[in-house]
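There are 2 protein chains.
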Amino acid sequence: MAVCSKCGGNGVYERRYSGEVLCANCFKASIVEKTRRTISRYGMVKFGERLGVAVSGGKDSLSLLKVLDGLNQDSRFQLVALTVDEGVRGYREESIAHASDLTRQLNIEHVVVSYEGLFGFSLDKALDWKDEREISSCSICGVFRRRAIDEAALKAKVNVVATAHNLDDYAQTFLMNLLHGDVERIGWLDPAYVDESFPVRRVKPFMEIYEEEVALYAYLSGIPFQSVSCPYMHEGLRGEVRDYLNEMEVKHPGMKNVLLKSSLSVVSRLSPAETGHHSVPCITCGKPSSGGTCNVCKMKEVVRQHVKYGE
Amino acid sequence: MAVCSKCGGNGVYERRYSGEVLCANCFKASIVEKTRRTISRYGMVKFGERLGVAVSGGKDSLSLLKVLDGLNQDSRFQLVALTVDEGVRGYREESIAHASDLTRQLNIEHVVVSYEGLFGFSLDKALDWKDEREISSCSICGVFRRRAIDEAALKAKVNVVATAHNLDDYAQTFLMNLLHGDVERIGWLDPAYVDESFPVRRVKPFMEIYEEEVALYAYLSGIPFQSVSCPYMHEGLRGEVRDYLNEMEVKHPGMKNVLLKSSLSVVSRLSPAETGHHSVPCITCGKPSSGGTCNVCKMKEVVRQHVKYGE
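Here the protein sequences come in this chain order: A and B. FYI, our numbering numbers position 220 of the first sequence as 365, with every residue one higher than the one before it. FYI, our numbering numbers position 43 of the second sequence as 188, with every residue one higher than the one before it.
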């Protein structure tokens, strides 16, 4: 490969959409700088705030924690790592260990919550149904994980939670919402999205960075790769949309970025009611809901009715 | 195949997104009825109006003419067929003959205009460049064809022009606009789109009908298929998007329809300035333009500079 376009060193990566060739150090620096610009552009974090980082222990979230720590050398904000232990035996132990290792190494406060502690059952237990399921494992888990991150955020008293969603996740979600006819849900992609009745904001500092660049950052930074995948993973439409966007990006470099711009352009045309979500207390547990009983209480009831007897 | 869900006759088509099985007659009637509903839903044609139908002579536009004629047995509006002869030797003669045959058979007024008559050169001549081209043939032809249809509409004194764009065209254009980052151009997909400074409206009565159903309608109605394709056709991104949407529709029947709904949902959120196009007179020819010199005058100049000398 050619030499680094910035320093003349050994090129390790060609950024196809820009034509740049970068060495390992200049590439890593570019990811940090891109993240800094995204945070600044959308005003994601304010001076002095406590910033929770949702760290599953996979390469994306570990990379985000490392990048944010690198950006915080002047302690402009206070970093806290938030980990949810869903309770998946033989899978989750490894990634939680990676999260613990990195937070210790970077000397970052680490708050861990578990499905077992919050809801009274692990994911293994919640998915151990006596009958066929019509709901996907990811749908069940997603409802609980969102609440668990909220709970971890409240426990850690943070002002804002950063998740490691990247440009690919963003473009996939946008296209999936359109293919589902859920235009109003595109409001969730608003970088300035707030739930006005919940005290913690959510931001996505990697939203302008390609999945493959996050992976390369992780590799070049010595961040450990998780050796096993979630045994319950079922991708469905997202996998199909991912494959399509990857093919399109190869044929038309920069297309995912264009799709991000289109999504932001659509978001900018939504009404404030669509981008600022107004939740109301769940009539059962009092936590935020869109009205009546919240999704978590509904899903707990579904799980309660279906898990195997006598266990 | 099973029997027709409507009349118990011999089923020839299974509509995957609805589960219906239809015989030839019930299928054809369903296309006419769907078109009637689309026209009614979006108020496309008013009582007593002169309705021009852009008829290239391909299966889609011949089908549209036949369906609209069938819907007009009570002469609620006056049908006029509008044909543009781009001037492509060995290709266009066949489809123009098909258009003439059907208009004669249905006793419909037929107005034909040509690039040669309107612009002074055929498409064959306009594309006969002495050097390599950076503009695709379809881009060049599209600029002239849009103007030619406008001219035919004015000549025929119609109030509204119907084109045979179908659900597939619509879904493809929507996705292509997003992949190009052209959110403001999505306004053109507004079924109620008007150019406030041009007296003729444009409507798409087949916008809710699948391409494959238009093709089957044509086949079952004895509408002739054109045996050759345009020699200049170059699909580029549209071909890729078409293939993708076709794959998605097979896996998830009804998805193109959902994408149409999403596009209309996005259109409904655009500002009036984005959906009502305001043109101003071209400083060269006085015809509608977005400002300064119109695209037709610009493209004529490009063609003039590049066509082979001495011919």
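Where is the CB? At the ideal position from N, CA and C, for every residue including glycine. Source: prediction; values computed, not measured.
Using a Cβ cut-off of 8 Å, pull out every chain B residue sitting near residue i, in sequence order please.
i        : result
A:MET400 : LEU324
Which residues of chain A have a Cβ atom closer than 7 Å to the Cβ of residue i, listed in chain order?
i        : result
B:ARG414 : ARG414, LEU415
B:VAL403 : LEU324, HIS325, GLY326
When you compare the CB of residue i with every CB in chain A, is at least one pair closer than 8 Å?
i        : result
B:SER284 : no
B:LYS484 : In the structure as shown, chain B begins at 146 and stops at 456. Residue 484 of chain B is therefore absent and cannot be evaluated.
Between residue i and chain B, is there a C-beta pair that is closer than 8 Å?
i        : result
A:LEU167 : no
A:ARG435 : In the sequence as presented, Arg is not what sits at residue 435 of chain A; that position holds Ser. Cβ-Cβ to chain B under 8 Å: no for A:SER435.
A:VAL395 : no
A:GLU385 : yes
A:GLU446 : no
A:LEU312 : no
A:GLU456 : Only weak support is given to the placement of A:GLU456: the predicted model assigns it a pLDDT of 49, under 50, and the value that follows is read from those uncertain coordinates. No, because no Cβ of chain B sits closer than 8 Å to the Cβ of A:GLU456.
A:ASN155 : no
Anything in chain A within Cβ reach of residue i, meaning under 9 Å, just list it in chain order.
i        : result
B:TYR187 : Neighbours of B:TYR187 on chain A: none; closest Cβ ~18 Å, over 9 Å.
Give the residues of chain B in contact with residue i, contact being defined as C-beta atoms less than 7 Å apart.
i        : result
A:SER410 : VAL328
A:TYR389 : TYR389
Taking 8 Å as the threshold (C-beta atoms), are residue j and residue i in contact?
i        : j        : result
B:THR180 : B:VAL200 : no
B:ILE176 : B:GLU353 : no
B:ALA301 : B:GLY202 : no
A:ALA205 : A:ALA309 : Note that residue 205 of chain A is Asp in the sequence shown, not Ala. Their beta carbons are under 8 Å apart, which means A:ASP205 touches A:ALA309 by this criterion.
B:SER240 : B:GLN371 : yes
A:GLY436 : A:VAL447 : no
A:LEU390 : A:ALA316 : yes
A:LEU323 : B:LEU404 : yes
B:GLU261 : B:GLY232 : yes
A:PHE172 : A:LEU361 : yes
B:ASN217 : B:LEU312 : no
B:HIS451 : B:LYS275 : yes
B:ASP340 : B:HIS422 : yes
B:SER99  : B:SER374 : For chain B, the structure presents residues 146 to 456; residue 99 of chain B sits outside this window and is missing.
B:TYR364 : B:THR420 : no
A:VAL305 : A:VAL190 : yes
A:HIS243 : A:PRO369 : yes
B:VAL457 : B:MET321 : The question about residue 457 of chain B has no answer, for chain B in this structure spans 146 to 456.
B:PRO350 : B:THR183 : yes
A:ASP273 : A:LYS406 : no
Contiguous alpha helix (DSSP H) assignments of at least 4 residues, all confined to the stretch 323-409 of chain A: 356-365, 382-396
Uninterrupted alpha helix (DSSP H) stretches inside the stretch 221-251 of chain B (no shorter than 4 residues): 237-251
Meets three-Cβ-pair contact criterion under 8 Å: the stretch 343-357 of chain B and the stretch 292-312 of chain B: yes
Stretch-stretch touch, CB-based, cutoff 8 Å, three pairs: the stretch 279-293 of chain A with the stretch 429-446 of chain A: yes
The stretch 370-389 of chain B / the stretch 211-228 of chain B touching (three or more Cβ pairs under 8 Å): no
Meets three-Cβ-pair contact criterion under 8 Å: the stretch 154-168 of chain B and the stretch 318-331 of chain B: no
contact_flag[the stretch 411-429 of chain A, the stretch 408-416 of chain B] where n(CB pairs < 8 Å) is 3 or more: yes
Length-filtered (4 minimum) alpha helix (DSSP H) runs lying within the stretch 273-308 of chain A: 282-300
Completely contained beta strand (DSSP E) runs for the stretch 184-212 of chain A, where each covers 3 or more residues: 195-199
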